[in-house]
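Peer 1: In the order they appear, the protein sequences are chains A and B.
Everything in the first sequence is counted per this note's numbering, starting at 4 for the first residue and increasing by one.
Everything in the second sequence is counted per this note's numbering, starting at 4 for the first residue and increasing by one.
Note that CB positions come from ideal geometry on N, CA and C, so glycine has one too.
2 protein chains.
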Amino acid sequence: MSFSFEVLHRDPSGARRGRLTTPHGAIETPVFMPVGTAATVKGLTQDALEELGAGIILANTYHLYLRPGHELIRKLGGLHAFMSWRNAVLTDSGGYQVFSLAELRKITDEGVRFRSHLDGSEHLLTPEKVAEIQLALGSDIAMVLDECIETPAPRELAEAALKRTTVWAQRARNYFLEYANRNGNPPQWQFGIVQGATFADLRRESARQMLDIDFPGYAVGGLAVGEPHELTCEMTAEVTALLPSEKPRYLMGVGRPEQIADYVIRGIDMMDCVLPTRAARHACLYTSEGRVLIKNARYAEDQRPIDPNCSCSVCRRYTRAYLRHLFAAGEITAAILATHHNVSFYLDIMRQIREAITFGHLANFASELCARYEAGPA
Amino acid sequence: MSFSFEVLHRDPSGARRGRLTTPHGAIETPVFMPVGTAATVKGLTQDALEELGAGIILANTYHLYLRPGHELIRKLGGLHAFMSWRNAVLTDSGGYQVFSLAELRKITDEGVRFRSHLDGSEHLLTPEKVAEIQLALGSDIAMVLDECIETPAPRELAEAALKRTTVWAQRARNYFLEYANRNGNPPQWQFGIVQGATFADLRRESARQMLDIDFPGYAVGGLAVGEPHELTCEMTAEVTALLPSEKPRYLMGVGRPEQIADYVIRGIDMMDCVLPTRAARHACLYTSEGRVLIKNARYAEDQRPIDPNCSCSVCRRYTRAYLRHLFAAGEITAAILATHHNVSFYLDIMRQIREAITFGHLANFASELCARYEAGPA
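#1: Compare the Cα-Cα distances from residue 130 of chain B to each of B:92, B:178, B:120, B:156 and report the closest residue.
#2: Please classify residue 193 of chain B: does DSSP put it in a helix, a strand, or coil?
#3: For the beta strand (DSSP E) containing residue 150 of chain A, name the first residue and the last one.
#4: Listing by chain order, which chain B residues have their CB less than 8 Å from the CB of residue 70 of chain A?
#5: Would you say residue 21 of chain A faces chain B, with C-beta separation under 8 Å as the test?
#6: For residue 328 of chain A, which three-state DSSP category applies?
#7: Could you name the residues of the segment 71-86 of chain A whose beta carbon sits closer than 7 Å to any beta carbon of chain B, in the order they occur along the chain?
#8: Nearest-angstrom Cα distance between residue 285 of chain A and residue 330 of chain B?
#9: For the beta strand (DSSP E) holding residue 116 of chain B, just list the boundary residues, first then last.
#10: If you measure from the CB of residue 358 of chain A, is any heavy atom of the ligand GTP nearer than 7 Å?
#11: The alpha helix (DSSP H) spanning residue 353 of chain B covers which residue range?
#12: State the beta-bridge partners of residue 62 of chain B as determined by DSSP.
#13: Taking the CB atoms as reference points, tell me whether residue 14 of chain B and residue 363 of chain B lie closer together than 8 Å.
#14: Just to confirm my understanding: we take residue 37 of chain B, look at its own chain, exclude 5 residues before and 5 after, and list those with CB closer than 6 Å. What are they?
#15: Which two residues bound the contiguous alpha helix (DSSP H) that contains residue 263 of chain A?
#16: Give the list of continuous beta strand (DSSP E) stretches no shorter than 3 residues that lie fully inside the segment 226-298 of chain A.
#17: I need the DSSP call for residue 20 of chain A, collapsed to helix, strand or coil.
#18: For a contact meaning CB atoms closer than 7 Å, what does residue 298 of chain A contact in chain B?
#19: Check for me: the beta strand (DSSP E) holding residue 27 of chain B runs from which residue to which?
#20: Closer than 7 Å by C-beta to residue 365 of chain A: which residues in its own chain qualify, once you throw out the five before and the five after it? Chain order, please.
#21: Between the beta-carbon of residue 6 of chain A and the beta-carbon of residue 219 of chain A, is there less than 8 Å?
#22: Would you tell me roughly how many angstroms separate the C-alpha atoms of residue 184 of chain A and residue 168 of chain A, rounded to the nearest one?
#23: How many whole angstroms separate the CB atoms of residue 89 of chain B and residue 83 of chain B, which I take to be in contact at a CB cut-off of 8 Å?
#24: Residues in the segment 37-50 of chain A with C-beta within 8 Å of chain B's C-beta atoms, listed in sequence order?
#25: Which value, in whole angstroms, describes the spacing of the CA atoms of residue 172 of chain A and residue 306 of chain A?
#26: Between residue 99 of chain B and chain A, is there a C-beta pair that is closer than 8 Å?
#27: Put residue 44 of chain A into one of helix, strand or coil per three-state DSSP.
#28: Considering only their Cβ atoms, is the gap separating residue 348 of chain B from residue 310 of chain B smaller than 8 Å?
#29: At the level of alpha carbons, what is the spacing between residue 123 of chain B and residue 105 of chain B?
#30: Within this structure, are the beta carbons of residue 73 of chain B and residue 140 of chain B separated by less than 8 Å?
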């Protein structure tokens, strides 16, 4: 099975429902990708991810390059074999992680020179190197290296980063195509990343430049990093308006449950976020009635499931009182159960969004979702 | 379903195979009880415990009394309902935990006065109170409060602790029987605990005194706390020689995989130990070929399962290389997978022990087990 993407339904809101086919299975879109930074979704086994219906997860190039190393993973048969995962994997490029984690970072036209946050060792990641690492990992979708900047950014900085991101994207694409020429098409799709901070004209310029390079899919990067939600939506819409409708669009690093539908309305097909897994570990549970901060004393005797409207295996079996106890006692099982539920909740929202698109009422669904979260926890 | 115990097979070695029936299911003995101190086996969900075939787990009176409190658990329907666990639970009395965890401990004939290791609050646990707490918890088997001492202990100290343990056991039994008189038989069996440190005559004296009180089952406590394995076996044999063959015998807090069969040979039916779960969290994996310290660099490219002779869901799916990576990266998933395997390994040893008893060759099996562990890891 090779790659394809097809749009199956369109909603009056601008949203689309589609199917992304990869060598590791077909994925219904819009899709949420649970984050498995170091080749594991923290707190979930691969069995659990399958039970939850996760068709694609995200792993991180920066982390896997540093530990255990891409050559080791290549030797052991690639990322899928290494972690025993049959479904699809998208690997982030590491651009954001170098920006946020690494020490003594120095960015030049060549690439990013940095010290590992693990052991201080010095490394150079170039657009070519990042493409090479991801070919070694054998992920289904590989992101090009981009330059991430702080926000809010002055226009000059955003312009310079945009320019470099485009040059790097072209070099990554060249590397990938030359590799394909020499070795035949690898079982991987390479996606470009549109930057431009919060400047609409820069976003449009970046999108046009990525289109010129010609990728099978496009991501919108550098958003949802502190700017208002409306601005994230506006910038996303500026970009998706220019992107070809027959290719998948991925908004990186989003989002909160009540915001997801808004991005889908702007024409987004793919998303990822650490929120459901990280919040779970910090005792923040997402429910159809809003957030439940389960450590709160009010849940001590609460015999309801985390979410009365959820049918995940955690909600079918355990009470809020038990979850609260596990968190109070600092038990690992708390993280396991909470993560399972939160990821289930996110994947369930995506199912509801896809259904809403099929029936053409996503705008209504989006408003309902917001209203529930504004009303606060049950 | 009420309580019963029957011996089904006897092995020439002295071991016996039996069936312990509780209101929460029948358990094949000899049985190993995974430790779920705070109403959770660290790293395993109840679903996972069921998959592993755990018919009985151990929870702790001291911990649950302090957090979340036995009255809360009573109110929420007892321990089984609280943690959503359908199979049996044995609750330890808390005697050992007060001894090892609590601060400013003061033991008098009345009971143990101590400060909580959690918040410094002051508490008094008496034999009656401990029985009351366990009736509130609704565990299937409740241990009486005993006095634990440091080892090696001088004879006078061991004698005094033995004496007090007997008096406390009688008070606990009286409380339990009065409760049963007033309320009808509770769905709980109360077990006495034989003490006496490493003095054979004191062990025998303690056993006789416990027999006089008359419990439906007897435990051997205060062993495997640092003394040589041979001495543990010797003391255990002194006690089981006096215990009635038709009642279950429980050796508390054991043991290492290669030692388990030795205890069964001394006539033990039940065991518990934190070893499989605690070792798992510290990257020590038990296999049919010995211990595997999975963080060792030699496993970095090892594509074998943890234990090639194990059929647990972790060994069917993941490699040593992947487990090593998860531990190196400090991932929660490492603890989940390692715990699952180690508990599976222990429960599997028990299955093999029961089978060996049926075929009358447990002594051979015990020697093989030791030889494998002496040979060291694969």
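Peer 2: Looking at the atomic coordinates:
#1: B:178
#2: strand
#3: First-last for residue 150 of chain A: undefined, no H or E at that position.
#4: 328, 331, 332
#5: no
#6: helix
#7: 71, 75, 78, 79, 85, 86
#8: 21 Å
#9: 115-118
#10: With respect to small molecules bound, the structure shown includes none, and the ligand GTP cannot be examined in it.
#11: 335-361
#12: B:94
#13: yes
#14: 44, 57, 60, 346
#15: 260-268
#16: 252-254, 273-276, 287-290, 293-296
#17: strand
#18: Those within 7 Å of residue 298 of chain A in chain B number zero; the least Cβ separation is about 12 Å.
#19: That residue, residue 27 of chain B, is in no beta strand (DSSP E); it is neither H nor E in DSSP.
#20: 14, 16, 18, 264, 267, 268, 356, 359
#21: yes
#22: 24 Å
#23: 7 Å
#24: 41, 42, 43, 44, 45, 46, 47, 48, 49, 50
#25: 53 Å
#26: no
#27: coil
#28: yes
#29: 9 Å
#30: yes
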